[in-house]
Every structure is written in structure tokens, then in C-alpha cells.
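For reference, the structure is listed below as C-alpha cells.
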Amino acid sequence: MSFAPEVTITLTRYAEPNWLFLETLTSLSQQANISAHVLVLDQQDNEEVRSFCVNNSSSVIVLDYHVIPAKSLSFARNEAIRMCQTVLLLYIDTDAVADPNWAYELFVAMRQNKAAIAGGKIIPKWHKKPGLLQRSQVVLDQYSMLDLGDDTINVKKVIGANFAINKAKLAKLAYFDEGLGRQNGKLLGGEETKLCTDAREKGLSVIYVGKAAVYHQVMPERVNFKWISKRMYYGGYSRALRGGKPEPSNGGGLAGWDYVALIFLLPFYASGFIRAKMDNK
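According to UniProt numbering, the sequence shown holds residues 1 to 281 in order.
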């Protein structure tokens with residue numbers, strides 16, 4: 001590396017189309033008030049994306065393209081930890097567009113609060129008009145949305161579309177369970193939740209940074225009930241793999257639309273939870 005970046009940013013592409021991937025990369029190339037080494041970990045060799053990274057790097061934002069094996073999201077995240085040469089490592093999903101000050105706000109907040117892990121605001125960008133079920137926070141959770149306001153506060157966990165870790169503070173804890181996380185088309189999750197739990201048990205700080213925002217793109221097919229029910233199924237499956245009681249929402253009080261949504265979706269969550277218990281006896 002020919003320069004000394006303040007942070008490393010990473011993202012990985014499994015099967016997402018180029019246009020979606022490039023929108024995220026464009027937003028990263030335009031980050032303000034920060035110098036960053038961007039680890040672009042592609043699970044399919046693509047010349048268009050490779051050329052984009054070369055042509056859109058600058059003296060302060062370097063887009064560093066790598067092809068990695070198509071294994072899992074957790075594997076890719078661990079590869080980023082291995083390759084990262086800065087203390088702070090920022091993660092963003094391939095279908096999220098970062099606000100220009102996203103990286104800077106995470107950088108400042110983590111330093112000021114001496115945090116081991118930080119997450120940010122995740123705002124939906126709908127590509128199809130949301131339906132009635134999308135009024136439920138339980139359903140919005142399935143799209144990895146998070147809005148706890150604009151302040152910086154302590155939280156129990158972060159959401160994987162927008163978060164950062166301090167490698168020095170986490171030390172040996174800086175690892176994502178490769179039995180969790182998306183893989184082979186399965187919508188498994190919970191790997192960042194497990195990391196947060198492990199960190200908090202060691203007395204480390206996990207924070208939410210309201211000013212560090214990304215816009216999470218929701219494709220038309222993900223507004224459909226079929227996708228939501230599949231996501232709920234794997235939410236139950238992932239929860240069983242992590243251990244603990246079933247928890248179909250990300251916490252907080254349930255409102256009216258949540259109860260309506262759970263009438264339709266709780267059976268899928270329960271099926272996934274039970275299936276995982278049976279598969280891992």
C-alpha cells in the first residue's frame with residue numbers, strides 16, 4: 001500500500017448485478033473528509049468492476065479489487081480482517097449506498113467513544129412501492145433497516161449492512177462464525193450479532209452512530225411475501241444456530257402492524273428454528 005489510510009472499507013459481491021455493485025462502489029469513491037483503502041472482494045471475476053476500481057481510485061480513496069472463492073459472507077468478512085492493515089475496518093453491503101460522510105462519522109465516533117464495534121443508520125430505498133406488511137418493524141428488520149435517531153448511543157448489537165470494528169480492541173474476537181451468514185443461496189444471518197454478544201461479554205463497547213447513514217436498496221422481488229417468508233424462515237434457523245430463545249424481532253416493543261405481520265410470518269420463523277434444532281442434534 002503506497003499511502004497510509006485512516007480506515008479500511010470492505011464489501012463483497014456474491015451474485016448481485018454489476019449496476020448494483022457499481023452504485024455502492026461509486027458512493028465509496030466519493031467519501032468525504034477521510035482517507036480509505038477499499039477492499040473490493042468479488043466472488044466472481046468481472047472485468048467491468050475491476051476497471052471501475054482502477055479508474056475511480058484517487059489519492060485518498062483506493063478501490064482495491066480482489067477475486068475470492070465463493071464460500072460465504074462470513075468467509076469474505078474474515079478475509080477482509082486478514083487483509084486489513086488499519087485499526088478500523090468498515091463493512092457495507094453490496095446493495096447499500098453510503099452517505100458521503102458515512103465513513104468519516106464512523107471513524108470519529110469510534111475514536112471518541114473508544115468503541116469496539118459501531119453500527120449506523122440504515123434507510124430503505126424502495127424499488128417497488130412497499131405494501132402493508134412493510135409498515136411492520138418486524139418486516140423492516142428482514143431488510144436490515146435500522147433507525148434509532150441521529151445521536152450516538154450504546155446498543156446491544158449492530159446490523160450487517162452498515163457497521164465497523166476496531167481490530168485492536170477486539171483482538172482474537174475479530175472473527176465471524178462461518179457457520180452463520182449467507183451462503184449457497186441460504187439467507188442465514190446473525191454472525192454480526194454473535195460478534196457483538198461476544199464483545200459485550202468481554203466488557204467492550206458497542207455503539208450506534210446515527211449520523212453514519214447508508215441507503216439500503218430493496219429490489220422489487222424482496223417486497224413480495226415469498227421473499228419475506230423465506231427470510232423469516234432463515235431468521236429462525238440462524239437464531240437456533242446461535243443458541244438462545246426464539247426472537248423474531250430485533251428487540252423493542254411491538255406495535256399494531258407487528259402483530260398483524262407475525263400472524264402470517266411467525267410460522268415460517270418457528271419452522272426454521274425447529275429445523276435447525278433437528279439438523280444439529
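We treat Cβ as the ideally placed atom computed from N, Cα and C, and that holds for glycine.
If you're wondering where the values come from, they're calculated on a predicted model, not measured in any experiment.
Sequence-distant residues of the same chain with beta carbon closer than 8 Å to residue i, five excluded per side
| i | result |
| --- | --- |
| Asn280 | Ala240, Leu241 |
| Leu63 | Leu25, Leu28, Ser29, Val38, Val40, Phe52, Cys53, Val54, Asn56, Ser57 |
| Val49 | Arg13, Asn18, Phe21, Leu22, Leu25, Val40, Asp42, Tyr65 |
Residue i burial status per 10 Å Cβ neighbour count (16 or more: buried)
| i | result |
| --- | --- |
| Asn33 | exposed |
| Glu105 | buried |
| Pro69 | exposed |
| Lys157 | buried |
| Leu265 | buried |
| Glu201 | exposed |
| Ile9 | buried |
| Gln31 | buried |
| Ala255 | exposed |
| Ser59 | exposed |
| Leu132 | exposed |
| Phe75 | buried |
Under the three-state DSSP convention, the category residue i falls into
| i | result |
| --- | --- |
| Val97 | strand |
| Lys211 | strand |
| Lys121 | strand |
| Phe163 | strand |
| Val67 | strand |
| Tyr14 | coil |
| Met1 | For Met1, the pLDDT reaches just 49, beneath the cut-off of 50, and the residue's location in the model is therefore unreliable, although a value from the coordinates is still provided. Of the three classes helix, strand and coil, the one that applies to Met1 here is coil, per DSSP. |
| Asn78 | helix |
| Val139 | helix |
| Tyr104 | helix |
| Val206 | strand |
| Val155 | coil |
| residue 282 | Because the chain is modelled from 1 through 281, residue 282 falls outside the range shown and cannot be assessed. |
| Leu148 | coil |
Cut-off 6 Å between Cβ atoms - residues of its own chain near residue i, not counting five sequence neighbours on either side
| i | result |
| --- | --- |
| Ile81 | Ala174 |
| Asp45 | Val67 |
| Ala212 | Trp102, Glu105, Leu106, Gly120 |
| Ser136 | Trp257, Asp258, Ala261 |
| Gly210 | Lys121, Gly149, Asp150, Asp151 |
| Leu195 | none |
| Asp93 | Ala161 |
| Thr193 | Lys157 |
Residue i vs residue j beta-carbon contact at 8 Å
| i | j | result |
| --- | --- | --- |
| His216 | Ala164 | no |
| Gly120 | Val218 | no |
| Met232 | Gln142 | yes |
| Leu20 | Ala98 | no |
| Ile122 | Leu90 | no |
| Ala36 | Glu16 | no |
| Phe273 | Ser229 | no |
| Val108 | Ala168 | no |
| Ile153 | Tyr234 | no |
| Pro220 | Lys125 | no |
| Asn166 | Met110 | yes |
Residues near residue i in its chain [Cβ-Cβ closer than 7 Å; skip 5 each side]
| i | result |
| --- | --- |
| Ala4 | none |
| Pro130 | Val223 |
| Ala199 | Ala116, Ile117, Leu170, Leu173, Val206 |
| residue 319 | With the chain running from 1 to 281 in the structure shown, residue 319 is simply not present. |
| Met1 | Because Met1 sits at a pLDDT of 49, beneath the cut-off of 50, its placement in the model cannot be relied upon, and the point is left open. |
| Arg275 | Tyr237 |
| Lys277 | Ala240 |
The ligand FAD heavy atom lying under 7 Å from the CB of residue i
| i | result |
| --- | --- |
| Asn33 | No copy of the ligand FAD appears in this structure; indeed no ligand is present at all. |
Could you tell me which whole alpha helix (DSSP H) segments of length 4 or greater appear in the region 19-65? 47-55, all fully within the region 19-65.
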